[in-house]
Structures are given as C-alpha cells and as structure tokens.
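Asks:
There are 2 protein chains.
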Amino acid sequence: MTERIERMRGFLASQHLAGWLSWRPDELVLQLGHLSYWGLSVSLLLASGERILFAPELDPGDTVPEGVTLIRYPWGRMDCANPFEILQSLIDQELRRRGVKRNVIGTLRHAHRSSLPVMAAELPPFPPEAIEAISSGTVQKTATDAAFLSLYLHKTRDEIEKIRLTNRAALAGLDAWRAALQPGRTEAETAAAAETAVHALTGRTGIHYARAWAMVQSGPHTADAGRFNRSSGRHMEEGDLVFIEFVTCVNGYWSDLTRTVALGKASAEHEEVLSAVAEAQQAALRSMAPGVSAHTVDAAARAALARRGFAKNFTHATGHHTGFRYHDPGFALAPGSSGRLEPGMIVTIEPGAYVPERNCGARLEDDVLLTPAGVEVLSSKETEVNP
Amino acid sequence: MTERIERMRGFLASQHLAGWLSWRPDELVLQLGHLSYWGLSVSLLLASGERILFAPELDPGDTVPEGVTLIRYPWGRMDCANPFEILQSLIDQELRRRGVKRNVIGTLRHAHRSSLPVMAAELPPFPPEAIEAISSGTVQKTATDAAFLSLYLHKTRDEIEKIRLTNRAALAGLDAWRAALQPGRTEAETAAAAETAVHALTGRTGIHYARAWAMVQSGPHTADAGRFNRSSGRHMEEGDLVFIEFVTCVNGYWSDLTRTVALGKASAEHEEVLSAVAEAQQAALRSMAPGVSAHTVDAAARAALARRGFAKNFTHATGHHTGFRYHDPGFALAPGSSGRLEPGMIVTIEPGAYVPERNCGARLEDDVLLTPAGVEVLSSKETEVNP
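Sequences listed follow chains A and B, in order.
Using numbering that gives the first Met the number 0, the first residue of the first sequence is number 0, and each one after it goes up by one.
Using numbering that gives the first Met the number 0, the first residue of the second sequence is number 0, and each one after it goes up by one.
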C-alpha cells in the first residue's frame, strides 16, 4: 500500500488538507485496500500517512490490512439507540487527539455510482443524516472532488496485481460458462454456472471474497445487448450467437468482461458481425499506447466497424476505467473524449455491434492495462493482441 | 394492483398531496409492481390513480405492468450530455399538462437502505444532483416520510401472492443447498449451489427475474453468525452445524430465510443449541396473532432460549418486516418495540443462539404472514407451526 499512501499524501498536500474522510466502499478499497462487510465503515487518512478505520462491532475485522488502526462502534446492538452518534464522536475524538480540525479534512461530496460492500443484497444502510453529520464541517469542493476522483485513474503495482487476480477469477468463470453452453439450456442457467465458478473460488490462496454477476443473452436477444444485458429463460439453440456480460469482484477489486460466441456453427451473416467486432477490438488495442488520446482509441474501433458496414450499430463508447468498481470514475473512451492514456491505467476495450435486421449482436470486452511499453490485456487468456 | 393504488390514493388524500414522486427501486415495486432495470427510473403516482414511469431508453421496458404510462428519457446515449435535465423537463411537462404544481407532490427524503435494481453489481448511477433537481420544490416532511413508509407494512393480496412465489423460489434454493452439503465441500461452494438454483428459475412461469445471495458458515464459524454472515473456503466436516442466511428476490419481491442443519450427526451440545433455537422459533410463532405486540413475540422467543440457558446468546431482534426489500421499513420484533401485528404484515421470525464456548451457533428464520385468523408461514415446507 506504500505507493497508494504516498499518492494520497501528495493529493492532501496539493489540496492543503490534513486528512480525508470516506465511507463509500470503493473509496475504502482505494485508501485502505479493504472491502467493507456491511458498507458501514468510515476511513480517515491523515497527512502523516496514518490510516484509521471505524467499523461496526459486527464487522468480521479479519480482512483489515496491517497498518490500519481499527476502531469499533456499536452498530447492530439492541442496546444502542443511535450508533451513528457514537461513530461521529469517535471520529471527532481521533481528530481532536491529533489537533486536527474538521475544516482541514476533505470528503467526496458527490460520487456518481459506487461499489457494493460484501453484504451485496441491499444498499448499505448508512442513514443519509448520519452521512451528513459525519461530513459536516469538512471541505467539500468541486475541485477537490475532481482531484480525489483522479486518484482512481492510475493503479499502483500492488493494485494491478490485485486486479490481475480478479481477472484470473473472471476467466475461470468464463470457462465454466463456455462449458455450460448447450442447446436446450436457458440463458439464466449458463449465467448461474459462470457466477458459481467464481463464488466457489472463495478461500483459494489470496481470495477471501469472490462474487460475480453474469448477464447472458442468446439468439435474437443478442440484438438488445447494446441497450441492456439480462438473462432470460430462453432455451439456447444450435447456431445461436451467445453473449455474456460478466462482472467480477475479488477482495474489493473488479473486472468487467464480455464475450460473444457461436453455439455450434453460426450463420454467415452472424459470423460477419462477430468477426467485425473482433477486428474492431484488435484495432482499438493496436491503437493504444501511453500518450494516445481516448478518442483516438475509440475512433480506431469505430473505423474498423464502419469498414464492415456496422458504423451505426456501435451505439456506445469503446471503453471506461475499471478496477475499484465495475465502472471507475474517469474519462470514457468515446468520440470527443480528451482523456489521454497513461501507464497504470486500466480501461475496458469493448466494441460492439447490435444488428436488429440480422437478429443478432456481439460485443467483446477485455480489461487492458497501460504499461510504459504499451498495453497488457489482463483478461488475456483468450484475447491476444495481434500487432 | 387496484388495492395498492387505492391505498396510495388514501395516503395522498390524508397528506393533502396531489401526487408522489419516487426513484428508489423498492418504492417503484410498491407503487407500480415494477422492478427497475438500471435503477434510473422515476415513478409519478397521481391522486387520480394515474401512474407514470419515466425510464431510460435503454431499459428493457417489457416488464412494465399494464396500466402504467411509460415515458422514455435518453440516458446512456452518446449524443446526450445531460439526460437528467431532460428527465426533469419531462416530469415537469407531465405535471404542467395536468395543472399539478410541485408543491403538492411529495417525495420520500430519507430512506434508510433501499433495494437493488436488476443491474445489481453497482449502486444505481443516479447522480445526487439529479435526485436533488428532480425532487426540488416537492413536499419533504418527516411526518409525510413516516406515513409513506407505513405503506410498506401491510401487503395486498396481490403482493402476498408475489412474495409467496419468492418464498417458493427460495425453498428450491435451500433444497439445492442441502443437496450440496457434504464433508469436504467448502462453505462458498454450497452457497453458490443455492444461488444457482434460484437464478436458474428465471423464465419459469411468472418469473422474469430471480437472484439470490447466500451466506454459509460451518463448524466454528457458526458461532460468528450473530455478528455477520460470510461464506469462506472452509471445508465442511462430518458433525458440523452448517448455517445459511439466504436472501432471494423474484421480480422485485424479497424473502429472507435462515437454516441451520447438522451435517451428519452433531454433538449433543451442538444439538442442544439447535433444538433450543427451534423451540424459540415455535414459541414465537405460537405467540403471534393480529393485535399482539411485537415485543410480546420477541419475549416469547427470548423466554424459550432463557429456559434452555441461552438468554445471553440471543444477541439480536426476533424479526423485522420483509417483502419489498431484504429488510423492509417498519418496527422490529424486539424488546420494547411497541408495534402491533396486523393482518397483511409479513415479518421474519429468526431467533438465534451463538455460543462461542461451544464453538457453534444456530438461527432459524422464516417469513410469516399475519392473517385475520392467525399466521401462515410462507416459507413453510419445512417449518410447521405446532400449536
């Protein structure tokens, strides 16, 4: 974590802040390398590099990394009417103890989206009033928000290894999915097989939490895959194109992959869509290098699809940042995007073509790390860059 | 839905409101019987009984119930810089068209928790500024919030059928879990088996969406089950107590169940814990009837555990409302709770005992409907009320 802590300290110095207070699950992963169980934990990172985690007494606590000071508060106890008041007083106590005032502590006011905690069946139960109370008196500025969110853009070496692990887990899920593909099976059955394979990795070396969300579409449903991805009870048929959007979280780090395959032999006009998308993905990958702008990569994918007559069928951006969430904050790889690729960034490359008049659609999505030398496809078992 | 619409109209009349604006997934299920795909839909219910759903163009749209007017807005399109401005102008247009002012429309300001949309791998991407803009100028009062949330307490006949279906799906998941229990298997593998069985029901009659979250603990890990529930890679052993917390959502309606079983023959001191919890659950169920207060039911469970010497091991409430979420708003079944059971309510009954000195814990949880005559256990295939 040393590299990340130093970046956080640099950020605090640049913003003239003495500390940073967070509660969103992905902010805690970024700053502590820790995935919250209930989604009710608060982190306080100080300019000294000290990191404090306030977590419910009911939290497991055993996944808190070394070097993080754990302070418990009594959420979930029957005898405690307002645990969040106690949480706030504990935070204030730690600040006072260090002579740090709230008006030199920053918090991210607005996050569009955030990740889920381990307890992923419900939105985290932090009452909005508690959030308001905890962050009251802190610095909340648009410019500071933007500077904090830019910390998501470059992954450290340690984080890259963790996201690599997530991608390996995801590839095991995709193997299980392909093994489950059979005429007669429903989309949902194969989605479940992919999720199960990831879930079952829990407890393997280095993996204390593994969960996946799979969305499978087949046959004519693939034509909708550019609008939404939802598994149905449709029974797959020989010759179908079959599509999976596959989201994986391991220990708080995310990958976002998509595969489209033919079940048996697809028709020539479906194969044409699939191969055009594969070409577009290769074109995008070949265009990538440090210093290249996001719109250039998007344009490479778009031009490849246009050459095959599918310009209007590519209805979304070519990619986005990923790793701390399913969708990380940061620039899109889209027309007009002025972002520039730099080493340490991890972006999806996901061109697609959705062709209702052919009753099909396809997308191929990989997670790609920018290196000083070029790119590395983290989800690369299947996708090779052909230079 | 007629019954629910009439209740909503009664609520609006009592609050002197002309309409109600919502965006949280469970509020939409309550008012429209519709589970949002992206979590980016807004519902507007008017005193006339008219129901309008504003949904992204990218929404599937095919699960919107009859009688709901669907209006699309362009979220997710590359050529649309601020779709939420358009959403707001569409809402304003519908209000103007009916001569309804914003200051007679209510919105729920604060919800502690809410459910997840179909796209369940991330928190819904509604920017907080968009929520503020959409709800600006509307009535947001603590008393109105409380009155709205009380609408969750009584399920209509139609909703009871839907929650019954969810419970049936959950029981299929629990059957699959029991079938997967074997010495040598990991907790996570059996959790995955339970989730898979529910997921695979997608497409069966009446089921367009089915997903489950399973948390399995075994052996000594069951002693922690009162604090948190998390599957690990522990390999189960003959004689273990094995525990599952099992959350299921079908079409937007939820169930929340727990089972604890012995893998093979448990030790006498583990069996004693399990049988004490079973007695406590039976005692709670026998105490239930319309008009009975929540604390009475809790006391019945607590007394049963105390008789067996496990008073201090029952560390949480006996139950909570469920159905529109994993945890519905409403009173807990806990010491001091002044809530009163009434027909149409669905509550969990989930006594537990967690006994670190015996290296084990157990909880049994069922979803129970209050009827005019007494109670019906919706998750009843296994739990019979022994009167």
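Every residue, glycine too, gets a C-beta built ideally from N, C-alpha and C.
1) Tell whether a beta-carbon distance below 8 Å holds between A/Leu16 and A/Ile133.
2) Mind checking A/His153: buried by the 16 CB within 10 Å criterion, or exposed?
3) Taking the alpha helix (DSSP H) that A/Arg71 falls in, what are its first and last residues?
4) Given a limit of 9 Å on CB to CB distance, which residues of the region 222 to 242 of chain A reach chain B?
5) Report yes or no: do three or more beta-carbon pairs, one from the region 195 to 208 of chain B and one from the region 167 to 184 of chain B, lie closer than 8 Å?
6) If you draw a straight line from the alpha carbon of A/Thr247 to that of A/Leu107, how long is it in whole angstroms?
7) Of all the alpha helix (DSSP H) runs that stay within the bounds of the region 102 to 183 of chain B, which reach a length of 4 or more residues?
8) Which complete alpha helix (DSSP H) runs does the region 250 to 305 of chain B hold, if anything under 4 residues is left out?
9) Starting from the C-beta of B/Ser459, find all residues in its chain whose C-beta is less than 8 Å away, skip the five residues before and the five after it, and write them out in chain order.
10) Counting Cβ pairs, one atom from each stretch, are 3 or more of them under 8 Å apart for the region 87 to 100 of chain B and the region 258 to 267 of chain A?
11) Tell me, to the nearest whole angstrom, how far the beta carbon of A/Cys359 is from that of A/Thr221; I am working on the premise that it is less than 8 Å.
12) Out of B/Gly329, B/Arg307, B/Thr314 and B/Leu340, point me to the one whose CA is closest to B/Pro289's CA.
13) Cβ of A/Val346 within 7 Å of any heavy atom in the ligand MN?
14) At least one CB of chain B closer than 8 Å to the CB of A/Glu188: is that the case?
15) Return the bridge partner residues of A/Ile243 from the DSSP annotation.
16) Hey, is A/Gly172's beta-carbon within less than 8 Å of any beta-carbon in chain B?
17) Taking only three categories from DSSP, how would you classify A/His320?
18) Taking just the CA atoms, how far does B/Arg233 sit from B/Arg184?
19) On the three-state DSSP scale, how would you describe A/Leu43?
20) Restricting to Cα atoms, I'd like to know which of A/Thr347, A/Met235, A/Ala316 and A/Gly351 is closest to A/Ala393.
21) Is it a yes or a no for the region 94 to 104 of chain A touching the region 134 to 148 of chain A, going by three-plus beta-carbon pairs under 8 Å?
22) Whole angstroms are fine: how far does the CA of B/Pro124 sit from the CA of B/Arg97?
23) Am I right that B/Ala299 and B/Ser286 are in contact with their C-beta atoms under 8 Å? What's the rounded C-beta distance?
24) I'd like to know whether the C-beta of A/His294 is nearer than 8 Å to at least one C-beta of chain B.
25) Nearest by alpha-carbon distance to A/Val63: which of A/Leu332, A/Gly32 and A/Arg307 is it?
26) Might you give, ordered along the chain, the residues of its own chain that have their beta carbon closer than 6 Å to the beta carbon of A/Phe83, omitting 5 neighbours on each side?
27) Can you say whether B/Pro55 is buried or exposed, counting buried as having 16 or more other CB atoms within 10 angstroms of its CB?
28) Measuring only the C-alpha atoms, how far is A/Gln281 from A/Val376?
29) Using DSSP with H/G/I as helix, E/B as strand and the rest coil, what is A/Gly393?
30) Whose Cβ in chain B lies nearer than 7 Å to the Cβ of A/Tyr325?
31) Using 8 Å as the threshold, is the region 41 to 61 of chain B in touch with the region 213 to 229 of chain A, meaning 3 or more CB pairs across them?
32) DSSP three-state call for A/Phe309: helix, strand or coil?
33) Let me make sure I understand the geometry here. Which of B/Gly251, B/Glu244, B/Leu256 and B/Leu240 has the alpha-carbon closest to that of B/Lys264?
34) What's the gap between the Cα of B/Phe409 and the Cα of B/Pro73?
35) Is A/Pro355 helix, strand or coil when you go by DSSP?
36) Can you name, in chain order, every residue of its own chain whose Cβ lies under 6 Å from the Cβ of B/Leu256, other than the five neighbours on each side?
Replies: On the basis of the supplied data:
1) no
2) buried
3) That residue, A/Arg71, is in no alpha helix (DSSP H); its beta strand (DSSP E) goes Val67 to Tyr72.
4) Here the close residues are Asp223, Gly225, Arg226, Phe227, Asn228, Arg229, Ser230, Ser231, Gly232, Arg233 and His234.
5) yes
6) 25 Å
7) 127 to 134, 141 to 148 and 156 to 179
8) 267 to 286
9) Nothing in the structure corresponds to residue 459 of chain B, since chain B is present only between 0 and 386.
10) no
11) 5 Å
12) For the residues B/Gly329, B/Arg307, B/Thr314 and B/Leu340, the minimum Cα distance to B/Pro289 belongs to B/Leu340.
13) Among the components modelled here there is no ligand, and therefore nothing to report on the ligand MN.
14) yes
15) A/Val215 and A/Arg258
16) no
17) Strand at A/His320.
18) 8 Å
19) strand
20) The structure shown has nothing for residue 393 of chain A, since chain A only spans 0 to 386.
21) yes
22) The straight-line gap from Cα to Cα measures roughly 30 Å.
23) Yes, they are in contact, since the Cβ atoms of B/Ala299 and B/Ser286 sit about 4 Å apart, within 8 Å.
24) no
25) Minimum Cα distance to A/Val63 is reached at A/Gly32.
26) Ala129
27) buried
28) Going by C-alpha positions, A/Gln281 is about 11 Å away from A/Val376.
29) Because chain A in this structure spans residues 0 to 386, residue 393 of chain A falls outside the shown range and cannot be described.
30) What A/Tyr325 touches in chain B: Ala120 and Glu121.
31) yes
32) coil
33) When B/Gly251, B/Glu244, B/Leu256 and B/Leu240 are compared, the shortest CA-CA separation from B/Lys264 is found for B/Leu240.
34) No answer is possible for residue 409 of chain B: the residues shown for chain B start at 0 and end at 386.
35) helix
36) Ala169, Phe245, Glu364 and Ser378, listed in sequence order.
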